[in-house]
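Protein chains: 4
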Amino acid sequence: MSLPTDRLIHETRFWVRYAETDRMGIVHHATYVIYFEEARNQFSRDMGASYADFEKEGIALVVSEANLRYLAPAVFGQQVVTKTWIDDLKSRRITFGYQVENPESGEVHCTGTAKLICVTPEGQVQRIPQQWLESWGRALETK
Amino acid sequence: MSLPTDRLIHETRFWVRYAETDRMGIVHHATYVIYFEEARNQFSRDMGASYADFEKEGIALVVSEANLRYLAPAVFGQQVVTKTWIDDLKSRRITFGYQVENPESGEVHCTGTAKLICVTPEGQVQRIPQQWLESWGRALETK
Amino acid sequence: MSLPTDRLIHETRFWVRYAETDRMGIVHHATYVIYFEEARNQFSRDMGASYADFEKEGIALVVSEANLRYLAPAVFGQQVVTKTWIDDLKSRRITFGYQVENPESGEVHCTGTAKLICVTPEGQVQRIPQQWLESWGRALETK
Amino acid sequence: MSLPTDRLIHETRFWVRYAETDRMGIVHHATYVIYFEEARNQFSRDMGASYADFEKEGIALVVSEANLRYLAPAVFGQQVVTKTWIDDLKSRRITFGYQVENPESGEVHCTGTAKLICVTPEGQVQRIPQQWLESWGRALETK
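Chains Y, R, Z and P, in that order, give the protein sequences.
In this text, residue positions in the first sequence follow the working numbering: the first is 1, and each later residue adds one.
In this text, residue positions in the second sequence follow the working numbering: the first is 1001, and each later residue adds one.
In this text, residue positions in the third sequence follow the working numbering: the first is 2001, and each later residue adds one.
In this text, residue positions in the fourth sequence follow the working numbering: the first is 3001, and each later residue adds one.
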C-alpha cells in the first residue's frame, strides 16, 4: 500500500508511551489499532466535526473491519506520525486508510485500513447523517 | 501489609498476557489496577452477585482511591494469583484489599487496596442496595 | 470465514474484563488483537511449547499482519471463547486463524487472522527452529 | 492534596482516547497510571533528559508505589492536562506528584503520587546517576 496522491492526508503525531511497549522492546502490535482510532478522531476534530458530537446524535460508528500490516517496529523514545485519509465513503459506511511513520526517519511502521459502519444503539445499520457525509466528503475532494 | 487472618480470601488466577509486559521485560505497573478490578469482579461472580447485575440496577461502583505497592516483578510465562478480600464495608462504600502472588513460588508481586463508592449515573453518592451489603457482609463474617 | 473442518481447533476462554469495554458499552475492538495473542499463547502452552521458551532461544515471532472482522459486540458480564487454529505454516512464518464466540449463545463476535514471522533480535527473518515446526505441524495433521 | 507552590509544575496535555473509556462512559481508572507515566516522561524530555536515554545507561526506574485519588470523571471529547512535580528526591529514589485536570473547566479528575527507585537489570537498588540527580534537582529549586 502507498499513500494516495489525490486526497487530503491528515497527520496526527504522538510520543510513544512506555506502557505501549512490550517485552520485545517495541510498540505492541495492538497499539496501532488505537493509534488508528485516535488519528481518525483527531482528523474529525480538525475538520470541525468531533466524533464526540457524532455520538450525541444517538448513533455511533462501529468498526466492522480492521487490517494491519506491520513493516518496522516503533520504539519508546520516538514519536510516531499517523497519516490518515478517507479511502472510501458510502452512505452507511466509511473506510479510513492509515500509514504510521517515524517522523524523523520517514520509516513506515505500519499501514492499514479500518472500515466503520453507522449504527443505532440497538446495532441497526443506518445512514450517516447528511452533515457528516458532507464534512467527510470534502476530505475526498480536497486535492 | 499482610493477608488478613480473620476473613474470606478469594483467589483469581490469570496467565500474564504478553501485551501486559513492557520493554523492561516485566508486567507494566498499570496492569495491576486491572488485575485488582478483574479479581473483585470474579470475587463477586463467585459469590453469586455479578457486578454486571449491579449495574443493571442503574447504579455503579466507582473507584475513589487506589493504592499499590510493587514488591517484585511478574513476567510473561508465569501465572499470577490475585488474593482479594473485603477490607472495609460501609453503607455507601466498600474497600477491597489485594495481594498478587506468583502461585509457583509464593513471591508477592504487588499489594494494594481499592476503595469504591456507590453512585447514580449522575454521580451522586448513594446507599449500596441491601442485598449487596448482605452478600459482601457475608465475606466479612466467613472466618 | 468459517471454521476449518480438517484441523485441530484450540479453545481459550476468558471473562470479558471491565477495562476492555469502551463507552459504547462493548468490548473495544483493539481488545480482540490481544485475545488473539493470548489465545495463541495458550494454544502453544497446551501443546507443551510455551512461547516464553521460544523467546529464550533468542528469537521471536513478530506479527507481520493482522486482519479482523467484527460481527457482533461482546459485553461485560459474559465470557468469550477464542477458537484458534493454524491456518498456514511455512519455514519462516506461521498464520493463525481465529474465531471469537459467546460460549453461551454461539454468537460470533469476531473472526480474523494473524501472520507471524520468525526474527532475530536484530529483526532478521530466520527459520523457525525444527522442534517448533514439528510441534505446530502436528496441529495441522490432527484431524 | 493541593498543588505545591514552591516548585516547578510541568504540564502535559492529551486528548482523551476513545479506547481509554469504559462502559461507564468515563476514562477507566487504570488509565491515570499511564497518564502519570507519560506526563513524567514528557517532563523529563522537556528538561532535556529523556528517560529513553536513562535506560541506555543500563539502569531503570521502576515504580515501587502508586497512590491515586479519583475526584471527578473525565470523558471522551475533552482534553486532560496532567500537572507533574517532583515531590521528593533521594539518591536512590524519586517521587512525583500529579494532578490531572480538565483544562477548560479546571475541574480536578485525579491526584496522586508515584514513587520510583533506581535499579539494575537484575533488580538491585542503585544510586541515580549524578547527572540525573542534578537535572531533577533543578526542578526542585526552580521557584
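Backbone N, C-alpha and C define an ideal beta-carbon position, used for all residues, glycine too.
Just so we're clear, the structure is a prediction, and the values are computed from it rather than from any experiment.
What residues from the segment 67 to 81 of chain Y come within 9 Å of chain Z, judged by C-beta to C-beta, listed N to C?
-> 67, 68, 69, 70, 71, 72 and 73
Minimum Cβ-Cβ distance from residue 2059 of chain Z to chain Y less than 8 Å = Along the third sequence, read from residue 1 onward, the residue named residue 2059 of chain Z stands at position 59. Taking Cβ atoms only, chain Y never reaches closer than 8 Å to residue 2059 of chain Z, which makes this a no.
Residue 3033 of chain P: contacting residues in chain R (beta-carbon distance under 7 Å) = Within the fourth sequence, residue 3033 of chain P is the residue found at index 33, counting from 1. Neighbours of residue 3033 of chain P on chain R, chain order: 1029, 1030 and 1033.
I think residue 1113 of chain R touches residue 1087 of chain R, with their Cβ atoms under 8 Å apart; what is that distance to the nearest whole Å?
-> In the second sequence, counting from the first residue as 1, residue 1113 of chain R sits at position 113. In the second sequence, counting from the first residue as 1, residue 1087 of chain R sits at position 87. Confirmed, Cβ separation roughly 6 Å.
At 8 Å on the CB atoms, spell out the chain Y contacts of residue 1019 of chain R, in chain order.
-> Residue numbering aside, residue 1019 of chain R sits at position 19 when the second sequence is read from its first letter. Here the neighbours are 22, 28 and 30.
Reducing DSSP to helix, strand and coil, say where residue 3034 of chain P ends up.
-> Translated into the one-based positions of the fourth sequence, residue 3034 of chain P becomes position 34. In this structure, residue 3034 of chain P counts as helix in the three-state DSSP scheme.
Residue 2090 of chain Z, DSSP secondary structure in three states = Position 90 of the third sequence, counting from 1, holds the residue named residue 2090 of chain Z. Residue 2090 of chain Z: coil per DSSP, three-state reduction.
If you measure from the CB of residue 3106 of chain P, is any heavy atom of the ligand HEM nearer than 7 Å?
-> Of ligands this structure carries none, so the ligand HEM is not represented either.
What's the gap between the Cα of residue 55 of chain Y and the Cα of residue 2128 of chain Z?
-> Walking along the first sequence from the start, residue 55 of chain Y turns up at place 55. Walking along the third sequence from the start, residue 2128 of chain Z turns up at place 128. Residue 55 of chain Y and residue 2128 of chain Z: Cα-Cα distance of roughly 47 Å.
Alpha carbon to alpha carbon, how far is residue 2084 of chain Z from residue 2005 of chain Z? Give it in angstroms, no decimals.
-> Residue 2005 of chain Z sits at position 5 when you count from the first residue of the third sequence. Residue 2084 of chain Z sits at position 84 when you count from the first residue of the third sequence. One C-alpha to the other measures close to 12 Å.
How many angstroms separate the CA atom of residue 1078 of chain R from the CA atom of residue 1043 of chain R?
-> Against the second sequence, residue 1078 of chain R aligns to sequence position 78. Against the second sequence, residue 1043 of chain R aligns to sequence position 43. Cα to Cα, the separation comes out at about 22 Å.
With burial defined as no fewer than 16 other Cβ atoms inside 10 Å of the residue's Cβ, what is the status of residue 3022 of chain P: buried or exposed?
-> As a first step, residue 3022 of chain P must be located in the fourth sequence, where it is residue number 22. Classification of residue 3022 of chain P: buried, given that the 10 Å Cβ count is 16 or more.
So is residue 16 of chain Y in contact with chain Z if we call contact Cβ pairs under 8 Å?
-> Numbered from its first residue, the first sequence carries residue 16 of chain Y at position 16. False, the Cβ-Cβ gap to chain Z never drops below 8 Å.
Unbroken beta strand (DSSP E) runs of length 3 or more, entirely within the segment 3041 to 3106 of chain P: which are they?
-> Residue ranges of uninterrupted beta strand (DSSP E) with 3 or more members, entirely inside the segment 3041 to 3106 of chain P and ordered along the chain, are 3060 to 3070, 3079 to 3089 and 3093 to 3101.
Check residue 1112 of chain R in the structure and name its three-state DSSP category.
-> By 1-based counting over the second sequence, the position of residue 1112 of chain R is 112. The answer is strand: DSSP assigns residue 1112 of chain R an E or B state.
Indicate the three-state DSSP secondary structure (helix, strand or coil) for residue 2138 of chain Z in the structure shown.
-> Mapped onto the third sequence, residue 2138 of chain Z falls at position 138. Three-state result, residue 2138 of chain Z: helix.
Would you call residue 3115 of chain P buried or exposed, if buried means 16 or more other Cβ atoms sit within 10 Å of its Cβ?
-> Looking up residue 3115 of chain P in the fourth sequence gives position 115. Under the 10 Å beta carbon count, residue 3115 of chain P is surrounded by 16 or more other beta carbons and is classified as buried.
Given a limit of 9 Å on CB to CB distance, which residues of the segment 3041 to 3052 of chain P reach chain R?
-> none
Using three-state DSSP, classify residue 2020 of chain Z as helix, strand or coil.
-> In the third sequence, counting from the first residue as 1, residue 2020 of chain Z sits at position 20. Looking at residue 2020 of chain Z - three-state DSSP - the assignment turns out to be helix.
Residue 1012 of chain R: first and last residue of the uninterrupted beta strand (DSSP E) it sits in = Position 12 of the second sequence, counted from the start, is the residue given in the question as residue 1012 of chain R. Counting along the chain, the beta strand (DSSP E) containing residue 1012 of chain R begins and ends at 1010 to 1015.
Own chain partners of residue 2028 of chain Z with C-beta closer than 8 Å, once the 5 adjacent residues on each side are dropped = Along the third sequence, read from residue 1 onward, the residue named residue 2028 of chain Z stands at position 28. Contacts found: 2020, 2021 and 2022.
Once you ignore the five residues that flank residue 3040 of chain P on each side, which residues in its own chain have a CB closer than 6 Å to its CB?
-> In the fourth sequence, the residue the question calls residue 3040 of chain P occupies position 40. 3084 and 3096, listed in sequence order.
Within its chain, find whatever has a CB closer than 6 Å to the CB of residue 2135 of chain Z; leave out the 5 residues flanking it on each side and keep chain order.
-> To locate residue 2135 of chain Z, count along the third sequence from 1; it is residue 135. So the list reads 2047 and 2049, once near-sequence residues are dropped.
Name the residues in the segment 3105 to 3138 of chain P whose C-beta lies less than 8 Å from a C-beta of chain R; which are they?
-> 3123
With distances taken from CA atoms, which of P/3125, P/3105 and P/3098 is nearest residue 3008 of chain P?
-> Mapped onto the fourth sequence, residue 3008 of chain P falls at position 8. The candidate whose alpha carbon is nearest that of residue 3008 of chain P is P/3098.
Nearest-angstrom Cα separation, counted from residue 1010 of chain R out to residue 1118 of chain R = Along the second sequence, read from residue 1 onward, the residue named residue 1118 of chain R stands at position 118. Along the second sequence, read from residue 1 onward, the residue named residue 1010 of chain R stands at position 10. If I take the Cα positions, the gap works out to 22 Å.
Buried or exposed by the 16-neighbour rule on C-beta atoms within 10 Å, applied to residue 2038 of chain Z = Counted from its first residue, the third sequence places residue 2038 of chain Z at position 38. So residue 2038 of chain Z ends up on the buried side.
Could you name the residues of the same chain whose beta carbon sits closer than 7 Å to that of residue 1072 of chain R, not counting the 5 residues immediately before and after it, in chain order?
-> Mapped onto the second sequence, residue 1072 of chain R falls at position 72. Result list for residue 1072 of chain R: 1107, 1108 and 1109, in chain order.
From residue 125 of chain Y to residue 3018 of chain P, what distance separates their C-alpha atoms?
-> Residue mapping note: residue 125 of chain Y aligns to position 125 of the first sequence, counting from 1. Residue mapping note: residue 3018 of chain P aligns to position 18 of the fourth sequence, counting from 1. For the pair residue 125 of chain Y and residue 3018 of chain P, the Cα-to-Cα distance works out to about 21 Å.
Nearest residue (CA-CA) to residue 2090 of chain Z, options Z/2104, Z/2061 and Z/2101 = Translated into the one-based positions of the third sequence, residue 2090 of chain Z becomes position 90. Cα-wise, what sits closest to residue 2090 of chain Z is Z/2061.
Return the bridge partner residues of residue 2117 of chain Z from the DSSP annotation.
-> Translated into positions along the third sequence, residue 2117 of chain Z becomes position 117. Z/2062 and Z/2093, per the DSSP bridge assignment.
Which value, in whole angstroms, describes the spacing of the CA atoms of residue 2002 of chain Z and residue 3051 of chain P?
-> If you number the third sequence from 1, residue 2002 of chain Z lands on position 2. If you number the fourth sequence from 1, residue 3051 of chain P lands on position 51. Note on geometry: alpha-carbon atoms of residue 2002 of chain Z and residue 3051 of chain P lie some 47 Å from one another.
How would you call residue 2104 of chain Z, buried or exposed, if buried means at least 16 neighbouring beta carbons within 10 angstroms?
-> To locate residue 2104 of chain Z, count along the third sequence from 1; it is residue 104. That one is exposed.
Exposed or buried, which one is residue 2101 of chain Z when buried takes at least 16 other CB atoms within 10 Å?
-> Position 101 of the third sequence, counting from 1, holds the residue named residue 2101 of chain Z. Around the beta carbon of residue 2101 of chain Z, a 10 Å sphere encloses 16 or more other beta carbons of the protein chains shown; the residue is thus reported as buried.
Separation of residue 94 of chain Y from residue 137 of chain Y, as counted between CA atoms = Here the question's residue 137 of chain Y lines up with position 137 in the first sequence. Here the question's residue 94 of chain Y lines up with position 94 in the first sequence. Whole-angstrom Cα-Cα distance: 10 Å.
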